[in-house]
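Each remark here refers to the structure printed beneath this line.
Numbering (the UniProt record's numbering), first residue to last: 1 to 276.
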């Protein structure tokens, strides 16, 4: 008598970004409270939820290539609705508009270009320099964050992050002032990050303004992500930098490198300075 091999349990990410198809490009979502940070749900997670809906709307082109999101109001855990509209679908790419709403109010408006990275050349040529991080055992685990920090930012429990010791002076009250934070990154359950997941990774680290001595929740106004390749399995390197703080806002530039040493995603975010 033979027995069927049990299927692998779904990852936390797959569970938290699950959608119910309501037809006509509409999907129902349930935003998980484990992704809260400060006064709302993490923007990268929200973009991952929308990105999942877009991928299901153009199944022949499942991967984000370029995604721009405008955050109109803070989201909170609970039911949400995602609507997608295919503006154009050609031979290699599709352009899709999407919105995430709660209680009849649009939270995020997105315009995205999707394709199939697996059908594209896998080489990534760049003049960018891969971040130099100390070995994992010499880096600072995010799990060492104070209990108060983890309480107001349960999103930290979703990740296994190992911070470069040179970039965590802010945690001891001694920020470097360089506007730079970098860390090794993986999901806490070991789930390998896929191209849609990279949309979330670009907004996973603490706001880079922490390194300027300005801690606190920094609401995102706009986030654009470019995905370059399907990441190789293993730890990712994530680097955030800022060069300008003006008008109550700052920009945050992110690079994500995979275990094969390739720049697989990059983003720029405009956010409000952290509130006191």
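Glycine included, every Cβ here is placed at the ideal spot set by N, Cα and C.
These numbers come from a predicted model, not from an experiment.
- In this structure, DSSP gives residue 230 a state outside helix and strand, which the three-state scheme calls coil.
- A Cβ-Cβ contact shorter than 8 Å links residue 82 with residue 29.
- Apart from sequence neighbours up to five positions away, the residues of its chain that approach residue 224 with a beta-carbon distance below 8 Å are 66, 67, 68, 69, 267, 268, 269, ordered along the chain.
- DSSP places residue 255 inside the beta strand (DSSP E), whose first and last residues are 249 to 257.
- Collapsing the DSSP output to three states places residue 143 in a helix.
- About 6 Å separates the beta carbons of residue 184 and residue 136, which is inside the 8 Å limit, making them a contact pair.
- Annotated three-state conformation of residue 99 is strand, per DSSP.
- Where residue 16 is concerned, there is no enclosing beta strand (DSSP E), although the alpha helix (DSSP H) around it starts and stops at 12 to 16.
- Cβ-Cβ distances below 7 Å link residue 77 to 31, 32, 33, 36, 41 in the same chain, with the five nearest sequence neighbours on each side left out; the list follows chain order.
- The shortest CA-to-CA distance from residue 229 to any of 87, 112, 193, 13 is the one to 193.
- Taking a 10 Å sphere around the C-beta of residue 85, we find fewer than 16 other C-beta atoms and assign the residue as exposed.
- Going by DSSP, residue 201 is part of the alpha helix (DSSP H) stretching over 195 to 201.
- Secondary structure within the stretch 61 to 124: the beta strand (DSSP E) runs of 3 or more consecutive residues, fully enclosed, are 63 to 71, 78 to 89, 94 to 102, 105 to 115 (chain order).
- Counting C-beta pairs with one atom in each stretch, the stretch 230 to 250 and the stretch 85 to 99 have fewer than three that are closer than 8 Å, which means they do not touch.
- Following the DSSP letters along the chain, one finds residue 48 inside the alpha helix (DSSP H) bounded by residues 43 to 57.
- For residue 162, the uninterrupted beta strand (DSSP E) segment begins and ends at 159 to 163.
- Linking residue 147 to residue 265 through their CA atoms gives a straight-line distance of about 31 Å.
- Inclusion of residue 186 and residue 274 in the CB contact set at 8 Å is not warranted, their separation being larger than that value.
- A residue is called buried when at least 16 other Cβ atoms come within 10 angstroms of its Cβ; residue 261 does not meet this threshold and is exposed.
- Relative to residue 220, the option among 133, 120, 237, 109 whose CA is nearest is 109.
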